[in-house]
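**Student:** The opening position of the sequence shown corresponds to residue 2 in this note's numbering, with each subsequent residue numbered one higher.
Pasting a structure here, questions to come.
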Amino acid sequence: MNFKLMILSIIFILPFIHTGCSDEEQTVTASVKITTPNNNSEYTLGTNISLKATITSNDELHGYIIEISNSDGTQVYSTDEHIHGTSFLLDSTWDSTNQSVGIYRIKVIGVINHLGDSVFDEIQIQLIE
Numbered sequence: 002m003n004f005k006l007m008i009l010s011i012i013f014i015l016p017f018i019h020t021g022c023s024d025e026e027q028t029v030t031a032s033v034k035i036t037t038p039n040n041n042s043e044y045t046l047g048t049n050i051s052l053k054a055t056i057t058s059n060d061e062l063h064g065y066i067i068e069i070s071n072s073d074g075t076q077v078y079s080t081d082e083h084i085h086g087t088s089f090l091l092d093s094t095w096d097s098t099n100q101s102v103g104i105y106r107i108k109v110i111g112v113i114n115h116l117g118d119s120v121f122d123e124i125q126i127q128l129i130e
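Rendered as structure tokens:
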């Protein structure tokens with residue numbers, strides 16, 4: 002009889018233990034702001050273009066990705082870093098040598114977790130002769 006009572010008690014208590022943990026999940030609020038270059042700015046082909054951005058979060062981030070694509074969507078540059086912290090100041094340079102005249106999209110992605118959740122900011126620039 003005591004064994005049945007113990008089993009029934011465990012079955013009754015177990016759902017309450019499980020639901021108690023799910024209420025403690027924290028919502029991560031993160032943002033990315035590209036500070037350099039300015040959106041729609043123009044650069045001469047072959048210029049080293051400064052890329053700067055700020056990524057912040059209320060919880061630990063898991064790195065960042067910088068992607069640059071040309072007007073047909075082909076990725077011409079990509080770099081990433083897997084680092085941990087609540088804020089990152091990115092300071093990188095892209096050498097536009099060997100590119101073509103046209104519009105390029107610059108995207109900076111803040112990686113929130115290892116599940117693929119992320120936030121991003123993107124701008125476009127134009128390379129001219």
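Cβ coordinates follow ideal geometry from the N, Cα and C atoms, glycine included.
Keep in mind it's a predicted model, so treat the numbers as computed, not measured.
Which residue's Cα is closest to the Cα of residue 63: 113, 29 and 92?
**Tutor:** In the sequence shown, counting from the first residue as 1, residue 63 sits at position 62. Out of 113, 29 and 92, 113 has the C-alpha closest to the C-alpha of residue 63.
**Student:** Looking at the structure shown, is residue 84 part of a helix, part of a strand, or coil, going by DSSP?
**Tutor:** Here residue 84 corresponds to residue number 83 of the sequence shown, with the count starting at 1. Residue 84 falls in the coil class under three-state DSSP.
**Student:** Given this structure, state the Cα-to-Cα distance separating residue 127 from residue 47, to the nearest angstrom.
**Tutor:** Along the sequence shown, read from residue 1 onward, the residue named residue 127 stands at position 126. Along the sequence shown, read from residue 1 onward, the residue named residue 47 stands at position 46. Taking the straight line joining both Cα atoms gives about 12 angstroms.
**Student:** Is residue 9 buried or exposed, if buried means 16 or more other CB atoms sit within 10 Å of its CB?
**Tutor:** Sequence index remark: in the sequence shown, residue 9 carries index 8 (1-based). For residue 9, the predicted model reports a pLDDT of 49, less than 50, meaning its position is unreliable; a value from the coordinates is still stated below. With fewer than 16 other Cβ atoms within 10 Å, it is exposed.
**Student:** Which stretch, first to last residue, makes up the beta strand (DSSP E) that contains residue 122?
**Tutor:** Along the sequence shown, one-based indexing puts residue 122 at 121. Run containing residue 122: 119 to 129, per the beta strand (DSSP E) assignment.
**Student:** Nearest-angstrom Cα distance between residue 70 and residue 54?
**Tutor:** Counting from one through the sequence shown, the residue named residue 70 turns up at place 69. Counting from one through the sequence shown, the residue named residue 54 turns up at place 53. Cα to Cα, residue 70 sits roughly 17 angstroms from residue 54.
**Student:** Which of the three DSSP states, helix, strand or coil, is assigned to residue 113?
**Tutor:** On the sequence shown, position 112 is the one that residue 113 refers to. Coil.
**Student:** Please state whether DSSP places residue 76 in a helix, a strand or coil.
**Tutor:** Locating residue 76 in the sequence shown gives position 75, counting from the first residue. Here residue 76 sits in strand by DSSP.
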